[in-house]
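Novice: According to the UniProt record's numbering, the sequence shown is numbered sequentially starting from 1. Ideal placement from N, C-alpha and C gives every residue a C-beta, glycine not left out. Provided herewith is a single structure, encoded as structure tokens, for subsequent inquiry.
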Amino acid sequence: MHTDSAAEPLDRAMPRRLGSLRLRLTLAVPLLTAAIVAAFEWSGGGHAVWLVLLLSAAQLLLIELWLLRPLRQLAAGCEAMESAPVPLTPGEAAPVAGLALELDRIGHAMRRARGSLWQQDQDARELRRELAQQRTLLEQAHAALEANQRELASLARIDALTGLTNPRAFDETLRREFKRAQRQRGLLAVAVLDLDNFKQFNLAHGTAAGDAALQRVAALLNERFKRDTDVVARLGGEEFVALLPGFGMAEAQGVLESLRDELRELRLPDGVGSLTLSVGLAAASPAHPYLSAQALLQAADEALYIAKHAGRDRLSLAA
1 MHTDSAAEPL DRAMPRRLGS LRLRLTLAVP LLTAAIVAAF EWSGGGHAVW LVLLLSAAQL
61 LLIELWLLRP LRQLAAGCEA MESAPVPLTP GEAAPVAGLA LELDRIGHAM RRARGSLWQQ
121 DQDARELRRE LAQQRTLLEQ AHAALEANQR ELASLARIDA LTGLTNPRAF DETLRREFKR
181 AQRQRGLLAV AVLDLDNFKQ FNLAHGTAAG DAALQRVAAL LNERFKRDTD VVARLGGEEF
241 VALLPGFGMA EAQGVLESLR DELRELRLPD GVGSLTLSVG LAAASPAHPY LSAQALLQAA
301 DEALYIAKHA GRDRLSLAA
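Right, here's the structure in full:
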């Protein structure tokens, strides 16, 4: 089967064709030159042989420079093109370019997403730190609030100057103990105590000495009435009250008389003088009941009024 040389690969066919062309030119140029020289000799020229050689060499050099060398360069270019990767056709290049552009967009979006996630993580950490600080501050505020509530509750039941129970807390305790005494058919004594001429004492020695004297009297009352069930309160000013569960009139009277004696001997701050005490005493018992806790306290207060008008520095018993 006949095979056309044009069907051969370009990298093998092109060098072979250049070699054949060079051989033909090499043979044809001298013959052509000889023919020209023969014609010249026939016309009467000399030195034919040397002239043929020189013309042949000149022609071969010109052919090499102007024809064969460009052809070799063209062959080399064709060989390079043959070995180069086959480029994509325009129809194929467009999807690839679109895919590259889409991939670039996806990469840009992923970078933005990573930056956004990093910023969100930083914000979340900062928020957690702030929440931890707020939680600590809240716990501290809660602890401070509880402390204030305890202090307020204490102040609501304690007299600020003397540390004794205040009137509100005393009323609650009086009602509770009165009901207990009624249920158990027990004894309950209430004594109202008032310092004699205390206003004159303040005028003579000053309010600071008066406050110190009230504190000293309060300490004496706490020492005297120290059972767990005893309650001593400051009703206001120089007036005090003692609640003595389980005591009848006789037992309470003995304790209060001793208290009056101790108060006369009490050394006040800076030796500013002495104080005396007037006392009104009432006691509830099965034999001598009262209708209410308030009635019992009022009976003791009325007895104090009698003691005051009878000359002070004495103890008066409720009828």
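Between which two residues does the alpha helix (DSSP H) harbouring Glu239 extend?
Specialist: Careful: Glu239 lies outside any alpha helix (DSSP H), inside the beta strand (DSSP E) at 239-245.
Novice: Could you pull the start and end residues of the beta strand (DSSP E) that Asp301 belongs to?
Specialist: Taken as a continuous stretch (DSSP letters only), Asp301 belongs to no beta strand (DSSP E), being part of the alpha helix (DSSP H) at 293-309.
Novice: Helix, strand or coil for Ala76 per DSSP?
Specialist: Residue state, collapsed to three classes: helix.
Novice: Could you name the residues of the same chain whose beta carbon sits closer than 6 Å to that of Arg224, not counting the 5 residues immediately before and after it, in chain order?
Specialist: Hits under 6 Å: Leu259.
Novice: Looking at the secondary structure, which residues open and close the alpha helix (DSSP H) in which Gly280 lies?
Specialist: Looking at the DSSP string, Gly280 is not in any alpha helix (DSSP H); the run it does join, the beta strand (DSSP E), is 277-284.
Novice: Do you know offhand how far Glu102's Cα is from Arg72's?
Specialist: Those two C-alpha atoms are separated by around 45 Å.
Novice: Compute the Euclidean distance between the alpha carbons of Asn197 and Glu238, then round it to the nearest angstrom.
Specialist: Asn197 and Glu238: Cα-Cα distance of roughly 9 Å.
Novice: In the DSSP assignment, find the unbroken beta strand (DSSP E) run with Arg234 in it and report its ends.
Specialist: Looking at the DSSP string, the run of the beta strand (DSSP E) that includes Arg234 is 231-236.
Novice: Mapping DSSP to helix, strand and coil, what is Ser316?
Specialist: Ser316: strand per DSSP, three-state reduction.
Novice: Suppose you measure from the CA of Phe178 to the CA of Arg216; what does that come to, to the nearest Å?
Specialist: Computed Cα separation, rounded: 29 Å.
Novice: Leu296 CB to nearest chain C CB: under 8 Å?
Specialist: Within the model displayed, chain C is absent; a lone protein chain is all it includes.
Novice: Once DSSP output is grouped into helix, strand and coil, what is the label at Ala160?
Specialist: Looking at Ala160 - three-state DSSP - the assignment turns out to be coil, as it is neither helix nor strand.
Novice: Relative to the ligand SAM, is the shortest distance from any of its heavy atoms to the C-beta of Gly248 smaller than 7 Å?
Specialist: As for the ligand SAM, it is missing from this structure, which has no ligand bound.
Novice: Exposed or buried, which one is Arg183 when buried takes at least 16 other CB atoms within 10 Å?
Specialist: So Arg183 counts as exposed.
Novice: Assign Gly280 to buried or exposed, taking buried as 16 or more other Cβ atoms, counted over all protein chains shown, within 10 Å of its Cβ.
Specialist: So Gly280 counts as buried.
Novice: Are there three or more Cβ pairs, one per stretch, closer than 8 Å when the stretch 305-318 is compared with the stretch 279-295?
Specialist: Yes, since at least three Cβ pairs between the stretch 305-318 and the stretch 279-295 fall closer than 8 Å, the two stretches touch.
Novice: I'd like to check one pair, Thr276 with Leu214: are the Cβ atoms closer than 8 Å?
Specialist: It is not a contact, given that the beta carbons lie outside the stated cut-off.
Novice: Using only CA atoms, which one of Glu151, Leu54, Ala318, Gly311 lies nearest to Glu302?
Specialist: Per the Cα distances, Ala318.
Novice: Buried or exposed for Asp4, going by 16 or more other Cβ atoms inside 10 Å?
Specialist: With a pLDDT of only 48 at Asp4, under the threshold of 50, the placement of this residue in the model should not be trusted, and no figure is reported.
Novice: Does DSSP classify Ala189 as helix, strand or coil?
Specialist: Here Ala189 sits in strand by DSSP.
Novice: May I have the straight-line CA-CA distance separating Gln253 from Leu138, to the nearest angstrom?
Specialist: About 55 Å.
Novice: Just checking, does the stretch 238-248 make contact with the stretch 189-203 on the three C-beta pairs under 8 Å criterion?
Specialist: The stretch 238-248, when compared against the stretch 189-203, does touch it at the 8 Å Cβ threshold.
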